[in-house]
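*Asks:* Residue 197 in numbering that gives the first Met the number 0 sits at position 198 of the first sequence, with consecutive numbering throughout. Please see the structure below; I have some questions.
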Amino acid sequence: MRLSRYFMPTLKETPAEARIVSHRLMMRAGMIRQASAGIYSWLPLGFRVLKKIEQIVREEQDAAGAQELLMPTIQSADLWRESGRYEEYGEEMLRIKDRHGRDMLYGPTNEELVTDIFRAHVKSYRDLPQLLYHIQWKFRDEVRPRFGVMRGREFLMKDSYSFDFDFAGARRSYNKMFVAYLRTFARMGLKAIPMLAESGPIGGDMSHEFVILAPTGETEVHCHRDLLDFDVLGSEIDYDGDLERVVGRWTDLYAATDKKHDPASCPVPPDQLVEALGIEVGHIFYFGTKYSKSMDAVVAGPNSEPVPVEMGSYGIGVSRLVGAIIEASHDEAGIIWPESVAPFKVGLINLKAGEAACDRASDEAYAKLNDARVEVLYDDREARAGAKFADMDLIGLPWQLIVGPRGLAAGVVELKERASGERQELSIDSALARLTG
RNA sequence: CGGGGCGUAGCGCAGCCUGGUAGCGCACCUGCUUUGGGAGCAGGAGGCCCCCGGUUCAAAUCCGGGCGCCCCGACCA
Numbered sequence: 000m001r002l003s004r005y006f007m008p009t010l011k012e013t014p015a016e017a018r019i020v021s022h023r024l025m026m027r028a029g030m031i032r033q034a035s036a037g038i039y040s041w042l043p044l045g046f047r048v049l050k051k052i053e054q055i056v057r058e059e060q061d062a063a064g065a066q067e068l069l070m071p072t073i074q075s076a077d078l079w080r081e082s083g084r085y086e087e088y089g090e091e092m093l094r095i096k097d098r099h100g101r102d103m104l105y106g107p108t109n110e111e112l113v114t115d116i117f118r119a120h121v122k123s124y125r126d127l128p129q130l131l132y133h134i135q136w137k138f139r140d141e142v143r144p145r146f147g148v149m150r151g152r153e154f155l156m157k158d159s160y161s162f163d164f165d166f167a168g169a170r171r172s173y174n175k176m177f178v179a180y181l182r183t184f185a186r187m188g189l190k191a192i193p194m195l196a197e198s199g200p201i202g203g204d205m206s207h208e209f210v211i212l213a214p215t216g217e218t219e220v221h222c223h224r225d226l227l228d229f230d231v232l233g234s235e236i237d238y239d240g241d242l243e244r245v246v247g248r249w250t251d252l253y254a255a256t257d258k259k260h261d262p263a264s265c266p267v268p269p270d271q272l273v274e275a276l277g278i279e280v281g282h283i284f285y286f287g288t289k290y291s292k293s294m295d296a297v298v299a300g301p302n303s304e305p306v307p308v309e310m311g312s313y314g315i316g317v318s319r320l321v322g323a324i325i326e327a328s329h330d331e332a333g334i335i336w337p338e339s340v341a342p343f344k345v346g347l348i349n350l351k352a353g354e355a356a357c358d359r360a361s362d363e364a365y366a367k368l369n370d371a372r373v374e375v376l377y378d379d380r381e382a383r384a385g386a387k388f389a390d391m392d393l394i395g396l397p398w399q400l401i402v403g404p405r406g407l408a409a410g411v412v413e414l415k416e417r418a419s420g421e422r423q424e425l426s427i428d429s430a431l432a433r434l435t436g
């Protein structure tokens, strides 16, 4: 993509309303534009990141055996009356009427809808387990939206729903999501710590919040330091095998948010305790037969007896992750994208657009990167070097390939790694080899 | 939902108290000079001053009512 033609309205000054760093940087980088309180348009650069994150979530869900479907944003109130939540949910639910005066709502979540789908089609225990998910926009009419996309009213969320015949099956489903979540966040370059969360009316240990560590996070996190070193990407996961060991490795070590942490009874010796700040980006939850009973989602067991299915739901805040990743990865100059979610891998800077040698070398590098299917944003604008460097640092692409008259005279270009700031002078060919290899 | 603040050019703001030609910086357009870390000079374009009503010869400014947005707290992916 040529920057001269790309819609990327960067700002030198910070809009007044943006208080936290991710919101400020997203506004300045031209990723989003606020439409109303807590509601945002995603401009091309921001949209690319959103899609990258969504795709990682999707791949890991699929790998865990979940199946993607898509449920609507607008739901009928009738289903919610069945579960009893239409009255229960309160002001956070955006309620609307259609032209016939029927009560509708913009879904804040999808348990009712997915349960309705399930009960209509699944009648036998032989068809279990099922693990369904979708990635869809939700709306919760927060009293006070803030922090940009981190706490919007409209937000993109991945939510999965598991259906099992018995508790043991529900636990297997839960474990699948547990591991899939670890992998999902790790692939985005995040340190995600699962924390035992309020388990609701059912009790037990099957509710975890996933908190990623970020210096500007809101939640205080206390955990054993070994949790930070665990690697979940290095080994293949057999989702049909026994996941208890993998899950146990993570849950055996102490991790608690501030609400649950009591320094007096903390089992971790001080020298092994990490105290950090974090942001909640995922939540997995087993809730048993809460909806299957109220909504009559029943399958026939081996003796034809009707059995309400055991369910769980599993959410990831996809749009929140865009902000959360920035909170976890930025510096004074701007965003530092992990390569897996970066809107482009390489920013190609032509330091002197309009000069024949620079244009020729830059155009050629651009063509070669495109041919190699490397995502590249080519700054071919006729702007000053400083402005180009500043914009490129701001939008945080992992690599900058800098082509200028000074280097070309010596037969070299510069390759700068955004994260470390390290620059190397290389021949064009070896720089390209590094980026395409 | 309690408390506070703010709506003036795309963005950041001044002007409002004390009514009288709507301003500054950045961004934008033209030209010249400049050219490896957000250039300089000159010229230019861009405003229902949030909306409605009131007071007044005259309202961005004073008064009343609405709407929007933000911040702090209680609550959430």
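The beta-carbon is built from N, C-alpha and C at its ideal position, and this holds for glycine as well. Just so we're clear, the structure is a prediction, and the values are computed from it rather than from any experiment.
1) Starting from the Cα of I73, find the closest Cα among G89, F46, Y105 and V48 and give me that residue.
2) For A169, count neighbouring Cβ atoms within 10 angstroms of its own Cβ and tell me buried if that reaches 16, exposed if not.
3) Starting from E67, follow its DSSP beta bridges and name the residues at the other end.
4) L414 and A432 - do their beta-carbons sit closer together than 8 angstroms?
5) Can you tell me which residues form a DSSP beta bridge with V345?
6) Identify which residue in I95, S123, T114 and R47 has its Cα closest to the Cα of S303.
7) Taking V246 as the reference, which of L272, H207, I31 and G37 has the closest Cα?
8) Please confirm whether S318 and V148 have their CB atoms less than 8 angstroms apart.
9) Excluding the 5 residues preceding and the 5 following T288 in the sequence, name in chain order all residues of the same chain whose CB lies nearer than 8 angstroms to its CB.
10) Give the range of the alpha helix (DSSP H) segment to which H22 is assigned.
11) Rounded to whole angstroms, how far is the Cβ of Y39 from the Cβ of G203, which I believe are closer than 8 angstroms?
12) Cβ atoms of I315 and M187: under 8 angstroms apart, would you say?
13) Thinking just about the alpha-carbon of each residue, which of T218, M294, G216 and R98 is nearest to the one in S82?
14) Give a yes or no on whether the C-beta atoms belonging to D158 and H120 are separated by under 8 angstroms.
15) Apart from the five residues just before and just after R1, which ones in its own chain have a Cβ nearer than 6 angstroms to its Cβ?
16) What is the DSSP secondary structure of V321, reduced to helix, strand or coil?
17) Measuring only the C-alpha atoms, how far is Y313 from Q60?
18) What does the alpha-carbon distance come out to for the pair E338 and R57?
19) Rounding to the nearest angstrom, what Cα-Cα distance links G300 and L68 in this structure?
20) State the start and end residues of the unbroken alpha helix (DSSP H) segment that holds C357.
21) Rounded to whole angstroms, how far is the Cβ of I211 from the Cβ of I278, which I believe are closer than 8 angstroms?
22) Around the Cβ of N437, are there at least 16 other Cβ atoms within 10 angstroms (buried) or fewer (exposed)?
23) Can you tell me which of the three DSSP states P144 falls into?
24) Ignore the nearest five residues each way along the sequence and tell me which others in K96's own chain have a CB closer than 8 angstroms to its CB.
25) What does DSSP give as the partner residues of C222 in its beta bridges?
26) Rounded to a whole number of angstroms, what is the C-alpha to C-alpha distance between M26 and Y5?
27) Specify the secondary structure class of M176 as computed by DSSP and reduced to three states.
28) With DSSP collapsed to three states, give me the class of F388.
29) Return the residue from the list G37, R125 and I31 that minimises the CA-CA distance to R47.
30) Measuring CA to CA, which of V231, E16, D225 and M176 is closest to M205?
31) Determine the direct distance from the alpha carbon of R125 to that of P342, and round the result to whole angstroms.
32) Short check: CB of S332 to CB of D392, under 8 angstroms?
33) Among D228, A167 and S328, which residue has its Cα nearest to the Cα of L252?
*Replies:* Inspection of the coordinates gives the following:
1) Closest by alpha carbon: Y105.
2) buried
3) Y132
4) no
5) V375 and W398
6) S123
7) Taking the Cα of V246 as reference, the smallest distance to any Cα among L272, H207, I31 and G37 is reached at H207.
8) Against a cut-off of 8 angstroms, the Cβ pair of V148 and S318 comes out as a contact.
9) Taken in chain order, the residues that qualify are P307, V308, E309 and M310.
10) V20 to R27
11) Actually they do not touch by this definition, with Cβ atoms about 37 angstroms apart.
12) no
13) M294
14) It is not a contact, given that the beta carbons lie outside the stated cut-off.
15) Y377 and D379
16) DSSP, reduced to helix, strand and coil, places V321 within a helical segment of the structure shown.
17) 11 angstroms
18) 17 angstroms
19) 26 angstroms
20) A355 to D370
21) 6 angstroms
22) Only positions 0 to 436 of the chain appear in the structure, and residue 437 is not among them; the question remains open.
23) coil
24) D102 and M103
25) C222 is bridged to A254 and V273.
26) 16 angstroms
27) DSSP places M176 in helix when its eight states are reduced to three.
28) helix
29) For R47, the nearest C-alpha among the options comes from I31.
30) Closest by C-alpha distance to M205, out of V231, E16, D225 and M176, is M176.
31) 44 angstroms
32) Going by the sequence as given, residue 332 is Ala instead of Ser. Yes, Cβ-Cβ distance for A332 and D392 is below 8 angstroms.
33) D228
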